[in-house]
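Mapping of the sequence shown onto full-length UniProt numbering: residues 1 to 77, in sequence order.
Positions of the beta carbon are idealized from the N, C-alpha and C atoms, including for glycine.
Written below as structure tokens is the structure these notes are about.
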Amino acid sequence: MVLSEPDECAEGAKITLKNGAGKVVDTTVTNNYGDFKFDALEANSGKYSLDVEYPGYGKQELSVDVEKSINIGTIFL
């Protein structure tokens with residue numbers, strides 16, 4: 001995860017994982033590289049949403065479909 005400008009890693013961004021029903025499954029924060037992961041998800045466990053929050057950048061929501069271990073790529077705030 002990186003900030004739009006000046007293209008810096010978004011360390012400490014709060015990531016909230018919600019299941020298809022909107023229930024919070026897990027939360028984490030990004031590391032100093034802007035990376036995060038959720039280890040306790042099973043393959044083919046369905047659709048989830050990620051709420052991404054970082055001070056000064058508001059809140060962003062992304063949808064993911066977990067079929068296997070995935071890399072959702074770079075998220076720009």
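Between the CA atoms of residue j and residue i - distance to the nearest angstrom
{"i": "Q60", "j": "G20", "result": "17 angstroms"}
{"i": "D35", "j": "T74", "result": "9 angstroms"}
{"i": "G22", "j": "E8", "result": "30 angstroms"}
Residues near residue i in its chain [Cβ-Cβ closer than 7 angstroms; skip 5 each side]
{"i": "S63", "result": "K47, S49"}
With 16 other Cβ atoms within 10 Å as the buried cut-off, status of residue i
{"i": "A13", "result": "buried"}
{"i": "Y33", "result": "exposed"}
{"i": "T27", "result": "exposed"}
Proximity of residue i and residue j at Cβ, strictly below 7 angstroms
{"i": "L41", "j": "V24", "result": "no"}
{"i": "T16", "j": "D51", "result": "yes"}
Other residues of its chain near residue i: CB distance less than 6 angstroms, five sequence neighbours each side excluded
{"i": "residue 84", "result": "Because the chain here runs from 1 to 77, residue 84 falls outside it and cannot be looked at."}
{"i": "K18", "result": "V24, S49"}
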